[in-house]
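K.L.:
In terms of our numbering, the sequence shown opens at residue 168 and continues consecutively. Note that the Cβ used here is the ideal one computed from N, Cα and C, for glycine as well. Bear in mind that the values here come from a model prediction, so they are computed numbers and not experimental data.
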Amino acid sequence: MNDTRQAYGQLLLGFDDLARALGGTLGPGSGTVLCGSGTDGGELVSSSAVLARRITQLHGHRRNTGAALLRETVLRVGAGHGDGCATTAVLAQALLHAAAKSVAAGAHPGRVRSGIALGVAAACGAMKDLAEPVAGELDLAGIALAATGDPELAALLAELTDVTGTHGAIRIQEADTPRAGRHYIDGARWPSRPAERAVLSHGVTELTLTEPVIALADLELSDAGQVRPLLEAAARLPARRPLLLVARAVSGAALTMLNANRSRVLPVVLTTARTRQSEDLMDLALLTGASVISPELGLAPSGVQASHLGGARRAFVRRGDLTLTGGHGGREAAGDRAATLRTVAWELLDGGPGERETAERLWWRQARLTGRTAVLTVGAATEQEVTARRDTAERTVRLLQGALRHGVVAGGGVAYLDCVPAVHVAARRCHDHDEALGAEAVATALEAPFLRILSNAGVTAPEIELHRVRELGPGHGIDVATGRPAEMRRLGIRDAASVTCGALEAAAETAGLLVSAEVVVGRA
Numbered sequence: 168m169n170d171t172r173q174a175y176g177q178l179l180l181g182f183d184d185l186a187r188a189l190g191g192t193l194g195p196g197s198g199t200v201l202c203g204s205g206t207d208g209g210e211l212v213s214s215s216a217v218l219a220r221r222i223t224q225l226h227g228h229r230r231n232t233g234a235a236l237l238r239e240t241v242l243r244v245g246a247g248h249g250d251g252c253a254t255t256a257v258l259a260q261a262l263l264h265a266a267a268k269s270v271a272a273g274a275h276p277g278r279v280r281s282g283i284a285l286g287v288a289a290a291c292g293a294m295k296d297l298a299e300p301v302a303g304e305l306d307l308a309g310i311a312l313a314a315t316g317d318p319e320l321a322a323l324l325a326e327l328t329d330v331t332g333t334h335g336a337i338r339i340q341e342a343d344t345p346r347a348g349r350h351y352i353d354g355a356r357w358p359s360r361p362a363e364r365a366v367l368s369h370g371v372t373e374l375t376l377t378e379p380v381i382a383l384a385d386l387e388l389s390d391a392g393q394v395r396p397l398l399e400a401a402a403r404l405p406a407r408r409p410l411l412l413v414a415r416a417v418s419g420a421a422l423t424m425l426n427a428n429r430s431r432v433l434p435v436v437l438t439t440a441r442t443r444q445s446e447d448l449m450d451l452a453l454l455t456g457a458s459v460i461s462p463e464l465g466l467a468p469s470g471v472q473a474s475h476l477g478g479a480r481r482a483f484v485r486r487g488d489l490t491l492t493g494g495h496g497g498r499e500a501a502g503d504r505a506a507t508l509r510t511v512a513w514e515l516l517d518g519g520p521g522e523r524e525t526a527e528r529l530w531w532r533q534a535r536l537t538g539r540t541a542v543l544t545v546g547a548a549t550e551q552e553v554t555a556r557r558d559t560a561e562r563t564v565r566l567l568q569g570a571l572r573h574g575v576v577a578g579g580g581v582a583y584l585d586c587v588p589a590v591h592v593a594a595r596r597c598h599d600h601d602e603a604l605g606a607e608a609v610a611t612a613l614e615a616p617f618l619r620i621l622s623n624a625g626v627t628a629p630e631i632e633l634h635r636v637r638e639l640g641p642g643h644g645i646d647v648a649t650g651r652p653a654e655m656r657r658l659g660i661r662d663a664a665s666v667t668c669g670a671l672e673a674a675a676e677t678a679g680l681l682v683s684a685e686v687v688v689g690r691a
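#1: Considering only the alpha carbon of each residue, which of Q340, L193, R187, C252 lies closest to E561?
#2: Terminal residues of the continuous alpha helix (DSSP H) containing D447?
#3: Flag this pair as yes or no: are the beta carbons of E319 and R346 separated by less than 9 Å?
#4: Can you list, in chain order, the residues of its chain whose CB lies under 6 Å from that of L489, leaving out five sequence neighbours each side?
#5: For L489, which three-state DSSP category applies?
#6: Report the three-state DSSP secondary structure of D306 (helix, strand or coil).
#7: Could you check where the alpha helix (DSSP H) with L367 kicks off and where it finishes?
#8: CA-CA distance, G650 and T192?
#9: Give every residue of the same chain whose Cβ lies closer than 6 Å to the Cβ of V686, excluding the five residues on either side of it in the sequence, and list them in chain order.
#10: Near G659, which residues of its chain fall below 6 Å by C-beta distance, leaving aside the five closest residues on each side in sequence?
#11: Work out the CA separation of E550 and G669 for me, nearest whole Å.
#12: Using the DSSP secondary-structure output, state which residues sit across from F483 in a beta bridge.
#13: What are the partner residues of Q393, as DSSP defines its beta bridges?
#14: Between R690 and A219, what straight-line distance do the alpha-carbon atoms span, to the nearest angstrom?
#15: Assuming R535 and D450 are in contact, meaning their beta carbons sit under 8 Å apart, how far apart are those beta carbons, in whole angstroms?
#16: Rounded to whole angstroms, how far is the Cβ of A400 from the Cβ of H475, which I believe are closer than 8 Å?
#17: Helix, strand or coil, according to DSSP, for E550 in the structure here?
#18: For the beta strand (DSSP E) containing H643, list its first residue and its last residue.
#19: Put I283 into one of helix, strand or coil per three-state DSSP.
#20: To the nearest angstrom, how far is it from the Cα of V241 to the Cα of L681?
#21: Suppose contacts are defined by Cβ-Cβ distances below 9 Å. Is A501 in contact with W530 by that definition?
#22: I'd like the span of the alpha helix (DSSP H) that includes H475, first residue to last.
#23: Does DSSP classify T318 as helix, strand or coil?
#24: Which one of G493, R595, A577 has the shortest CA to CA distance from G282?
#25: Give me the Cα-Cα distance between G332 and V257, rounded to the nearest whole angstrom.
#26: Please state whether DSSP places T540 in a helix, a strand or coil.
#27: Hey, how far is the Cα of E672 from the Cα of E602?
#28: Would you mind sorting D385 into buried or exposed? The rule is 16 or more other CB atoms within 10 Å of its CB.
#29: Would you mind giving the Cβ-Cβ distance between G456 and G496, rounded to the nearest angstrom? I have them listed as a contact below 8 Å.
#30: Flag this pair as yes or no: are the beta carbons of A541 and I337 separated by less than 9 Å?
#31: By DSSP, does L437 sit in helix, in strand, or in coil?
#32: When the Cβ atoms of the stretch 363-377 are set against those of the stretch 465-474, are three or more pairs found closer than 8 Å?
#33: May I ask you to report which of helix, strand or coil DSSP gives V241?
#34: Cα-Cα, which of E607, V647, A313 is closest to L263?
#35: In whole angstroms, give me the CA-to-CA distance for V244 and L516.
#36: Pick helix, strand or coil for D662, following the three-state DSSP scheme.
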């Protein structure tokens, strides 16, 4: 029994070690942490997500186990919501200590854990009631600046998110210049290239097709017999319009026949991953009104008729992509497909890394179907800085999209304070005393982010300031720049409601697991 208690104590010490380090990065008055092995100059880190990845070795494997539990939790929140790593650590530490105190006094661990779940449900319910819609680009810019600390990046991301809207998608690309830039995609774009590379040569960077006929083939075309029927079908159309053929691959006799008709035919091959090309072709079909040529879908190359061809107002072909504007497909069908993709993407967002990657791909597809896509280009002085800036931009895109979807709440830890009364009500409604203790542990933990932000800003008595803002009422906090009470909304200090709830739920899940753990497993 003593060995188990000692092991458990070491695990909690490791949990606390990492939580304290991550908590030091919370808020505008936070500092940086020096990470190093002692044999080099070290690295100054101000990002809680980066810091969590850097702190991997503590003294003793039990401590490492405790730190690993918290590390996995905070990184999951950061990956899923784009922010909230430090907040999660502070909440988890405070909640674990409050709950463990009750258990040490004799409360049943399982019922305390159940009470934690009830308290969190009450807090998140109150948080959703407090959430307000994003007021516009200014709200988004404030959230982005708090997350990035990069005024240029924050301003561009706020603009892009505001313009593309709730269902928009922003792709991040690296730039050759040290500055960031952006452009909006007019239409829908797919990674692709001309099947015959020579068509873009001698300084030509783009080909424009006006009112093209469009054929789509979920096939690798290599035989002349595969392309002859679609050439004949296009020739039967009343107006002599250019033919754009999009396929998996075009080579051999098929490419030779198409090149012989180069003046009116342009074959393009998709360059997306082979497993995703069928999805791309189905989306193209919705936008253009074309049928996908594929025996598996019931349309063999030999059966192609003019009715199977689609169209668009314009097509722009470059070395790396194909852009279509004014597709002739039905808008309602494209809108229905986009809505379905959004629903699936939302369901996958809270999953593991593989599911989140799928969700992001589906989100891009639905945005492309509705014409709400944009590109942010990021640059910096060094390759390492470019990579870091790109990672920051990608996280912030998720954060801002969450804010658009779920709304914003008062920042500075104030939204958590405003949820405390709802948790007290939930605790009073508990029929079991130990459950009530678990709910009250949540109420105690909700004060921790506010107190830690003030502590990091150098405020000497955060508890006194907590009492002051409570007397002022909901929405009030401390402006750490002046040290005076203020209404957070008027200062533009806002947090995404998705992050505040996500951080609390993740913190509670991990703290509840630890407070009710009966066995500690680790390497000997």
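P.N.:
The relevant details are as follows:
#1: As a first step, residue 561 must be located in the sequence shown, where it is residue number 394. When only C-alpha atoms are compared, the closest one is Q340.
#2: Here residue 447 corresponds to residue number 280 of the sequence shown, with the count starting at 1. Start and end: 444-455.
#3: Mapped onto the sequence shown, residue 319 falls at position 152. Mapped onto the sequence shown, residue 346 falls at position 179. Closer than 9 Å, so yes.
#4: On the sequence shown, position 322 is the one that residue 489 refers to. Only W357, S359, V435 meet the Cβ criterion.
#5: As a position in the sequence shown, residue 489 is number 322, starting the count at 1. Here L489 sits in strand by DSSP.
#6: Mapped onto the sequence shown, residue 306 falls at position 139. Three-state DSSP puts D306 in a helix.
#7: Start at 1 with the first residue of the sequence shown, and residue 367 comes out as number 200. Run containing L367: none; DSSP gives neither H nor E here.
#8: Mapped onto the sequence shown, residue 650 falls at position 483. Mapped onto the sequence shown, residue 192 falls at position 25. Their backbone Cα atoms lie some 19 Å apart in a straight line.
#9: Numbered from 1 along the sequence shown, position 519 holds the residue referred to as residue 686. Low local confidence applies: a pLDDT of 46 at V686 is under 50, so the model's placement there is unreliable, with the coordinate-based value given in what follows. Nothing meets the Cβ criterion.
#10: Residue mapping note: residue 659 aligns to position 492 of the sequence shown, counting from 1. Taken in chain order, the residues that qualify are G309.
#11: Locating residue 669 in the sequence shown gives position 502, counting from the first residue. Locating residue 550 in the sequence shown gives position 383, counting from the first residue. Looking at the two C-alpha atoms, the distance is approximately 32 Å.
#12: Counting from 1 along the sequence shown, the entry for residue 483 is found at position 316. DSSP lists T375, T490 as partners of F483.
#13: Indexing the sequence shown from 1 puts residue 393 at position 226. Paired residue(s): none; Q393 is not in a bridge.
#14: Counted from its first residue, the sequence shown places residue 690 at position 523. Counted from its first residue, the sequence shown places residue 219 at position 52. Since pLDDT at R690 reaches only 46, below the 50 mark, its modelled position is unreliable, and the value read off the structure follows with that caveat. Whole-angstrom Cα-Cα distance: 21 Å.
#15: Residue 535 sits at position 368 when you count from the first residue of the sequence shown. Residue 450 sits at position 283 when you count from the first residue of the sequence shown. Their Cβ separation, rounded to whole angstroms, is 7 Å, which keeps R535 and D450 in contact under 8 Å.
#16: One-based indexing of the sequence shown puts residue 400 at position 233. One-based indexing of the sequence shown puts residue 475 at position 308. A400 to H475, Cβ: 7 Å. Contact.
#17: Numbered from 1 along the sequence shown, position 383 holds the residue referred to as residue 550. Three-state result, E550: helix.
#18: If you number the sequence shown from 1, residue 643 lands on position 476. H643 -> beta strand (DSSP E) spans 643-646.
#19: Sequence index remark: in the sequence shown, residue 283 carries index 116 (1-based). Helix.
#20: Within the sequence shown, the letter at position 74 stands for residue 241. Within the sequence shown, the letter at position 514 stands for residue 681. Between V241 and L681, the C-alpha separation is close to 15 Å.
#21: The sequence position of residue 501 within the sequence shown is 334, counting from 1. The sequence position of residue 530 within the sequence shown is 363, counting from 1. W530 is positioned such that its CB atom lies no closer than 9 Å to that of A501.
#22: As a working mapping, residue 475 is identified with position 308 in the sequence shown. Premise fails: H475 is in no alpha helix (DSSP H) and is neither H nor E.
#23: Locating residue 318 in the sequence shown gives position 151, where the first residue counts as 1. At residue 318 the sequence reads Pro, which differs from the Thr that was named. If DSSP states are grouped into helix, strand and coil, P318 belongs with the helices.
#24: Here residue 282 is taken as the residue at index 115 of the sequence shown, counted from 1. Ranking G493, R595, A577 by Cα distance to G282 puts R595 first.
#25: Translated into the one-based positions of the sequence shown, residue 332 becomes position 165. Translated into the one-based positions of the sequence shown, residue 257 becomes position 90. Whole-angstrom Cα-Cα distance: 32 Å.
#26: Within the sequence shown, numbered from 1, the residue matching residue 540 stands at position 373. T540: strand per DSSP, three-state reduction.
#27: By one-based count along the sequence shown, residue 672 stands at place 505. By one-based count along the sequence shown, residue 602 stands at place 435. Rounded to the nearest angstrom, the two C-alpha atoms are 17 Å apart.
#28: Your numbering for residue 385 matches position 218 in the sequence shown. Label assigned to D385: buried.
#29: As a position in the sequence shown, residue 456 is number 289, starting the count at 1. As a position in the sequence shown, residue 496 is number 329, starting the count at 1. So it is a contact: roughly 4 Å between Cβ atoms.
#30: Residue 541 sits at position 374 when you count from the first residue of the sequence shown. Residue 337 sits at position 170 when you count from the first residue of the sequence shown. Going by C-beta atoms, A541 is nearer than 9 Å to I337.
#31: Translated into the one-based positions of the sequence shown, residue 437 becomes position 270. DSSP places L437 in strand when its eight states are reduced to three.
#32: no
#33: On the sequence shown, position 74 is the one that residue 241 refers to. The DSSP-derived three-state label of V241 is helix.
#34: Locating residue 263 in the sequence shown gives position 96, where the first residue counts as 1. Ranking E607, V647, A313 by Cα distance to L263 puts E607 first.
#35: The residue given as residue 244 occupies position 77 in the sequence shown. The residue given as residue 516 occupies position 349 in the sequence shown. For V244 and L516, the distance between alpha carbons rounds to 11 Å.
#36: For the purposes of this step, residue 662 is identified with residue 495 of the sequence shown, where counting begins at 1. If DSSP states are grouped into helix, strand and coil, D662 belongs with the strands.
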